[in-house]
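*Asks:*
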Amino acid sequence: MKENSFYLVSLGCAKNTVDSNSMAALLLQNGYRQVDRAAQARLLIVNTCGFIQSSRDEAIQVLEELAQKKRHGQLLIAAGCLTERFGQYVAKKVPQLDGILGTKNWMDIVAVAERLRSENPIKPLFHLPQAAQLSRDEFGISRAAIQGGSAYLKIADGCHRPCAFCTIPLIKGTTVSRPISAIIKDAQALQENNIQELILIAQDTTSYGYDLGLKDGLVTLLDHLTKEVPHIPWIRIMYAYPGYVTDQLIERMATQPQILHYLDMPLQHAHPKTLARMQRPANMDWVQKTIEKMRAAIPDLTLRTTFIVGYPGETEDEFQALLDFIAEIHFDRIGVFPFSFEPGTASEPLGDPIPPEVKQERLEKVMLLQQEISQQKNQAQIGNILSVIIEGYENNISIGRSYRDAPEIDGLVFADGKVSVGKIAQVKITGALPYDLLGHIQEQ
Ligand code: SF4
Numbered sequence: 029m030k031e032n033s034f035y036l037v038s039l040g041c042a043k044n045t046v047d048s049n050s051m052a053a054l055l056l057q058n059g060y061r062q063v064d065r066a067a068q069a070r071l072l073i074v075n076t077c078g079f080i081q082s083s084r085d086e087a088i089q090v091l092e093e094l095a096q097k098k099r100h101g102q103l104l105i106a107a108g109c110l111t112e113r114f115g116q117y118v119a120k121k122v123p124q125l126d127g128i129l130g131t132k133n134w135m136d137i138v139a140v141a142e143r144l145r146s147e148n149p150i151k152p153l154f155h156l157p158q159a160a161q162l163s164r165d166e167f168g169i170s171r172a173a174i175q176g177g178s179a180y181l182k183i184a185d186g187c188h189r190p191c192a193f194c195t196i197p198l199i200k201g202t203t204v205s206r207p208i209s210a211i212i213k214d215a216q217a218l219q220e221n222n223i224q225e226l227i228l229i230a231q232d233t234t235s236y237g238y239d240l241g242l243k244d245g246l247v248t249l250l251d252h253l254t255k256e257v258p259h260i261p262w263i264r265i266m267y268a269y270p271g272y273v274t275d276q277l278i279e280r281m282a283t284q285p286q287i288l289h290y291l292d293m294p295l296q297h298a299h300p301k302t303l304a305r306m307q308r309p310a311n312m313d314w315v316q317k318t319i320e321k322m323r324a325a326i327p328d329l330t331l332r333t334t335f336i337v338g339y340p341g342e343t344e345d346e347f348q349a350l351l352d353f354i355a356e357i358h359f360d361r362i363g364v365f366p367f368s369f370e371p372g373t374a375s376e377p378l379g380d381p382i383p384p385e386v387k388q389e390r391l392e393k394v395m396l397l398q399q400e401i402s403q404q405k406n407q408a409q410i411g412n413i414l415s416v417i418i419e420g421y422e423n424n425i426s427i428g429r430s431y432r433d434a435p436e437i438d439g440l441v442f443a444d445g446k447v448s449v450g451k452i453a454q455v456k457i458t459g460a461l462p463y464d465l466l467g468h469i470q471e472q
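Sequential numbering from 29 applies to the sequence shown in the working numbering.
1) Pair every Cβ in the stretch 371-390 with every Cβ in the stretch 333-349, then say whether three or more of these pairs are closer than 8 Å.
2) Mind checking who PHE335 pairs with in its DSSP beta bridge?
3) Classify GLN407: buried if its beta carbon has 16 or more other beta carbons within 10 angstroms, exposed otherwise.
4) Regarding ILE196 and ligand 1, is the C-beta to nearest heavy atom distance less than 8 Å?
5) Shorter than 9 Å from the beta carbon of PHE359 to some beta carbon of chain D?
6) Tell me whether the stretch 66-78 and the stretch 38-48 touch, counting them as touching only if at least three CB pairs, one residue from each stretch, are closer than 8 Å.
7) Can you tell me the Cα-Cα spacing of ARG280 and VAL247, whole angstroms?
8) So, helix, strand or coil for LEU440, using DSSP?
9) So, with DSSP's three-state summary, where would you put TYR117?
10) For LYS213, which option in GLN175, GLY241, ILE169 has the closest C-alpha, if you only look at C-alpha atoms?
11) For SER146, count the other beta carbons within 10 Å of its own beta carbon; 16 or more makes it buried, fewer makes it exposed. Which is it?
12) What does the Cβ neighbour count give for ILE229, buried or exposed, with the cut at 16 atoms within 10 Å?
13) Thinking just about the alpha-carbon of each residue, which of ILE196, VAL204, CYS191 is nearest to the one in ILE183?
14) For ALA304, tell me which candidate among LEU378, ARG143, LYS255, ALA355 has the shortest Cα-Cα distance.
15) Measuring straight from C-alpha to C-alpha, what distance separates ALA179 and LEU250?
16) What alpha helix (DSSP H) runs, 4 residues minimum, are completely inside the stretch 81-126?
17) Report yes if the C-beta of TYR238 is less than 8 Å from at least one heavy atom of ligand 1; otherwise report no.
18) To which residues of the same chain is TRP314 closer than 8 Å at the C-beta, ignoring the five residues directly before and after it?
19) Would you mind working out which of TYR117, LEU144, GLY101, GLN224 sits nearest ALA87, comparing C-alpha positions?
20) Helix or strand or just coil, what does DSSP make of VAL480?
21) I'd like to know whether the C-beta atoms of GLN453 and ILE427 end up nearer to each other than 9 Å.
22) Looking at ILE211 and LEU240, is the spacing between their C-beta atoms short of 9 Å?
23) Comparing the CB of ILE47 with every heavy atom of ligand 1, is any distance shorter than 8 Å?
24) In terms of alpha-carbon separation, which member of PHE367, SER83, ILE265, ASP126 lies closest to GLY101?
25) DSSP three-state call for THR274: helix, strand or coil?
26) Can you tell me the Cα-Cα spacing of GLN473 and ILE208, whole angstroms?
27) Between which residues of its own chain and LYS121 is the CB-CB distance below 6 Å, once the five residues before and five after are set aside?
28) Expressed to the nearest angstrom, what Euclidean distance is found between the alpha-carbon atoms of GLY201 and ARG189?
29) If you reduce the DSSP assignment to three classes, tell me which class PHE369 lands in.
30) Which residue's Cα is closest to the Cα of GLN348: GLY439, MET395, PHE369, HIS299?
31) Give the range of the beta strand (DSSP E) segment to which GLU342 is assigned.
32) Can you check whether the CB of ILE362 is closer than 9 Å to the CB of GLN398?
33) Would you kindly work out how many angstroms separate the C-alpha atoms of ARG323 and LEU465, rounded to a whole number?
34) Using a threshold of 9 Å, state whether the C-beta atoms of ARG171 and LEU181 are closer than that.
35) Leaving out the 5 sequence neighbours to the left and right, which residues in its chain are closer than 8 Å to LYS405 when beta-carbon positions are compared?
36) Do HIS155 and ILE199 have their C-beta atoms within less than 9 Å of each other?
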């Protein structure tokens, strides 16, 4: 075990990955060394996810495994969203914990580590100062996470939306946008690093800047990015909130070549009654009109969305309305999740009346319908030449993603030929699978 060393496990979403990277950067800046085996580390850090029950169970399991293998002198620290909301519960579940830190205070990781190493305080050391909201102070640390030629860039965190099923506002508090100058500084550093794809992330990117007094803040930010980092070929927008995809945003997506013709806009359902119970925008007329507007302005648009099935009170008719909507709109990508009962959210009084087997049955029906649609959409790509960012190489096959694919959640492109990882290659599409594409690398 090396004295100033740490081993870090990052769980959950891309926003948590960025927080993990920022904690690692702070530790490295303060003389620590990152190791890739737990047995070698003095500090064992788990950046937890607390979004839904299954992610909470996973976090506890990872902590318990590290606790069982913990050696004398090692310090086990739990950080992130689960501890932010349920610190006492985590301490009870994993009594071998030495330190507990919340997601709002990722920047205090060095101070917590130093106190544990030097003062030998009563364990576990709770560092959960009840900050009203996320801090804007980033200690000059990059709020990005690089993966090959791509980078997640956090533009804001927290959320002020009232979605009845969601725990994010309970964990992170309201929306806190990063100053444009800080985002541009990170983006310029990534451009220096020859990053090819910038993936803008927040809980809701379309509310970027509203707390800074910006109207249509995401468009303002995009204008700064396309001006200040012209050598990053791809800018991808994730997590747009329905009702806030403005005409200006559509115009920028249609005219700015760096902004990918890809949008992730979680809708969660399609029946106005279900959406009303979810406390989500229920104006389906707006949704349809906006999708038509986007497709008219951006004919090769790739549209991704997310749905929840089995929400309390979801009748067969409401579910059928969802299926009909999916069959009509033909989304390119869909994520679907069974409703997860979350104590403390506005949906708690509704309970969890839909049986798990019915949720599963509805989830499978959505996936089956979408699989056919996705296959058709992929079939239509045959003969096209797509730009593909290469992420791996195996058995003479380069593996990557086209503009139609966000990392970890969408499809892949498998192309004959070799191009270095991190580069964008032109690929002639020759075959289509339900979610992935096959092709040949074109001479560069
Ligand atoms: S917009 Fe997203 S993060 Fe915000 S409350 Fe709704 S579901 Fe949660």
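Note that beta-carbon positions come from the ideal geometry of N, C-alpha and C, so glycine has one too.
*Replies:* In short, the structure shows the following:
1) yes
2) Beta-bridge pairing links PHE335 to GLN296, VAL364.
3) exposed
4) yes
5) The question asks about chain D, but that chain is absent: this structure has only one protein chain.
6) The answer is yes - the stretch 38-48 touches the stretch 66-78, with three or more Cβ pairs under 8 Å.
7) The alpha-carbon atoms of ARG280 and VAL247 are separated by roughly 7 Å.
8) coil
9) DSSP, read as helix, strand or coil, puts TYR117 in helix.
10) ILE169
11) exposed
12) buried
13) It is VAL204.
14) LEU378
15) One C-alpha to the other measures close to 16 Å.
16) Complete alpha helix (DSSP H) runs here, min 4: 81-97, 109-121.
17) False, no ligand heavy atom lies under 8 Å from that Cβ.
18) PRO270, GLY271
19) TYR117
20) This structure gives no information on residue 480, because the portion of the chain shown stretches from 29 to 472.
21) Reading off the sequence shown, one finds Ala at residue 453, where the question assumed Gln. No, they are not a contact pair.
22) no
23) A small correction: the amino acid at residue 47 is Asp; Ile does not occupy that position in the sequence shown. Result no, Cβ not under 8 Å from ligand 1.
24) ASP126
25) coil
26) No answer is possible for residue 473: it lies beyond the span of the chain, which begins at 29 and ends at 472.
27) ILE88
28) Rounded to whole angstroms, GLY201 to ARG189 spans 10 Å at the Cα level.
29) coil
30) HIS299
31) Counting along the chain, GLU342 falls outside any beta strand (DSSP E), and DSSP gives it neither H nor E.
32) yes
33) 22 Å
34) yes
35) HIS358, ASP360
36) no
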